[in-house]
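Q: Numbering-wise (the working numbering), the sequence shown opens with residue 29 and increments by one.
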Amino acid sequence: MTQAPAAPAKTRAQIKEATLRKDPWWRQPAVTAAFLGVVVVYLTWASLVNADYVWGPYISPLYSPCLAATCTPGDSSFFLIPWLTWLTPAIIIIGGPMGFRLTCYYYRKAYYRAFWRAPAACAVREPHARYTGETRIPLILQNLHRYFFWIALTFNAFLTYDAVIAFRSYGGQWGHMGLGTLVLIINAALLWLYSLSCHACRHAVGGRLKHFSSHPVRYRMWTLVSRLNARHMELAWISLTWVLLTDLYIRLVASGAITDLRFF
Ligand code: FES
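1. Would you say the beta carbon of Y139 is closer than 7 Å to some non-hydrogen atom of ligand 2?
2. Thinking C-beta only, is L263 closer than 8 Å to Y222?
3. For L268, which residues from the same chain have a beta carbon less than 6 Å from its beta carbon, with the 5 sequence-adjacent residues on both sides left out?
4. I'd like the ranges of any alpha helix (DSSP H) spanning at least 4 consecutive residues and lying wholly in the region 184-244.
5. How should N171 be labelled, buried or exposed, when 16 other C-beta atoms within 10 angstroms of its C-beta is the threshold for buried?
6. Please list the segments of the alpha helix (DSSP H) lying wholly inside the region 45-112, counting only runs of 4 or more residues, in order along the chain.
7. Just to confirm the assignment, what range does the alpha helix (DSSP H) spanning S283 have?
8. Would you say H231 touches ligand 1, meaning its beta carbon is less than 7 Å from a heavy atom?
9. Between the alpha carbons of T11 and Y81, how many angstroms are there, rounded?
10. Could you check the C-alpha separation between V68 and I213 for me, to the nearest Å?
11. Which residue wins for smallest C-alpha separation from M205, given the options L289, P89 and A46?
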């Protein structure tokens, strides 16, 4: 009688030695952990401080769209939620962009390696005995990424709008441009590139098709998104860094520490 093949063991690959690697494999997870640590500290502080996030036509991407009742009409071009007075405008909206980044396929790899050592790197022994993947709470929630993708596109639309209205002067007249305008335009562009390079976007434009030949437009879109997708890691880091720099620039201008450079 033939025996059924054994079910795969729910354990990690066993290596007797601590590592089979001779190169400095720990550098990449260490740099990732250090950088993400700085990001988390800065974002926490900037989201809670609730000040200096608006200057004339500029608004920090961390506070936009500004929906809290504490936003003054000049801070927001959108509706305000009257009963939301006990949270900062940044905390109200942070779940959208943060959920998108946290569930991103690339960031998952980065923080699983950097913080959980699951795995730390190829050919390095893991501290964990069992492996359950992303099949249980809380990691099963990573599957929400495809929905966060659409939420992220909504945020991109708001931040693009912010970049357009940054062509106004401090007094509200159109036809002006400062360094802050440029910073906001680059911010919106990088966020679009990061979102459009997402694996979920690739699936949305080219998935579930039997024949590309019958869908030339979707094939063309899928080809473009696939090219961007190859740069997803770089776009993830650059766009995240630029969001922080944009907030910092507007914060420095709003607090009077620096003056916005005017081009025209
Ligand atoms: S896979 Fe990274 S944003 Fe979707």
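Idealized CB from N, CA, C, for every residue including glycine.
A: So, from the listed chains and residues:
1. Among the ligands present in this structure, namely ligand 1, ligand 2 is not found.
2. yes
3. The beta carbon of L268 sits closer than 6 Å to none of the beta carbons in its chain outside the five residues before and after it.
4. Runs of the alpha helix (DSSP H) inside the region 184-244: 207-224 and 227-234.
5. exposed
6. List check, alpha helix (DSSP H) in window: 55-77.
7. Note, S283: premise wrong, no alpha helix (DSSP H); not H, not E.
8. no
9. Since the displayed the chain opens at 29 and closes at 292, residue 11 lies outside it and no answer follows.
10. 24 Å
11. Among L289, P89 and A46, the Cα nearest to that of M205 is on L289.
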